[in-house]
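Below is one structure, written out as structure tokens; the observations come after it.
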Amino acid sequence: MTMTKQLVCLLSLATVVCARFTLDEQISRIIGGQETEANAWPWQASLQYRDSHICGGSLIAPDVVLTAAHCVDFGVSSDFSIVMGKDELEVNSGKEQRIQVSEIIMHGSYDGSAGGYPNDIAILRLANDAELNDNVELVPMTSKGDDFVGNNDCWLTGWGKTSASSSVAPKLMEVNIDVITNSDCSRLWRRVSGASIFNTHICLFEKNKGSCNGDSGGPLVCRVDGQFVLAGVTSWGSSSCSGYPSVYTRVSEYRNWISNNM
């Protein structure tokens, strides 16, 4: 698949698309959100292809960013860099850190052509460590088996569009949204061919809120025992942005794989 082609599932009552970009347009939206305060989400990474923002990511070690496999399945490591400490995409504040990606490790069972986009997760090893400070911090990962249904302190962040017709948000956006059960997620997607929900997914759904197709690869974090933990990686959703949950790779199901590849 070429990078100029939007990744599309089967068409039925809705169009299911991976939270994917093309060279002309990144299909990414954060609906019902607001601009973040400066340095509010210091683990948020901007993944850039040839110095242009394409996806989000999360800094989980000084030299490791976690993102979606579909964000990097078309290129080589030398094409990509990450920028940390950035709130506004088009403004350089002097606090940013740009670091080259030295290695891309996609999950061995990732399949961008299968229904549900299984194992949509990738580790990016960085050529240099990020300098940790007030603007750049690590996000702890959730523990295996964690379930965030009923947690009312879960947040999406990214530079996604704020509506289907708008351009990418210039400032980092945030939205507080509910996690739903995978059985409810499957029920809501049941009429759409190819929209498979697995135990490796985590789903969000709330009227007039969400990521639609998300800021691909970006973080879903939830507060547990007073600190935010990384619960999900933005993967896919409905291109119509209405009536369907957005779907994320469930980080807790990949803890062993992540640890073995960091």
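Those letters in the sequence shown? Residues -19 to -1, 1 to 243, per mature numbering (1 follows the signal peptide of the UniProt record, and there is no 0), in order.
Backbone N, C-alpha and C fix where the C-beta goes; we use that ideal spot for every residue, glycine too.
Cβ-Cβ distances below 6 Å link W136 to E155, N157, V202 in the same chain, with the five nearest sequence neighbours on each side left out; the list follows chain order.
Here Q208 is exposed, its C-beta having fewer than 16 other C-beta atoms within 10 Å.
In the DSSP assignment, S227 falls within the beta strand (DSSP E) that extends over 227 to 231.
According to the DSSP assignment, N242 belongs to the alpha helix (DSSP H) that extends over 236 to 242.
The alpha-carbon of Y30 is positioned some 23 Å away from that of V120. A residue is called buried when at least 16 other Cβ atoms come within 10 angstroms of its Cβ; T162 does not meet this threshold and is exposed.
For the pair A26 and M243, the Cα-to-Cα distance works out to about 17 Å. In the structure shown, the three-state DSSP call for W170 is helix. Y30 is bridged by DSSP to S33, F61. In the three-state DSSP reduction, H182 falls in the strand class (E or B). Of the candidates G97, G66, W238, the residue whose Cα lies closest to the Cα of E18 is G66. With fewer than 16 other beta carbons inside 10 angstroms of its own, S90 counts as exposed.
Residue pairing for V156: DSSP places it in a beta bridge opposite L137. By the CB criterion at 8 Å, S216 and A95 fall outside the cutoff.
Less than 8 Å divides the Cβ of C166 from the Cβ of P226. Counting along the chain, F55 sits inside no beta strand (DSSP E), nor does DSSP assign it H or E at all. Excluding sequence positions up to five before and after I86, its CB lies within less than 6 Å of the CB of I104, N242, all in the same chain and listed in chain order. Bridge pairing for P200: V214 [DSSP].
Cα atoms of D44 and R168: separation of roughly 39 Å, rounded to the nearest angstrom. S94 sits in coil when the DSSP states are folded into three classes, being neither helix nor strand. The residue among G213, D54, S174 with its C-alpha nearest the C-alpha of R204 is G213.
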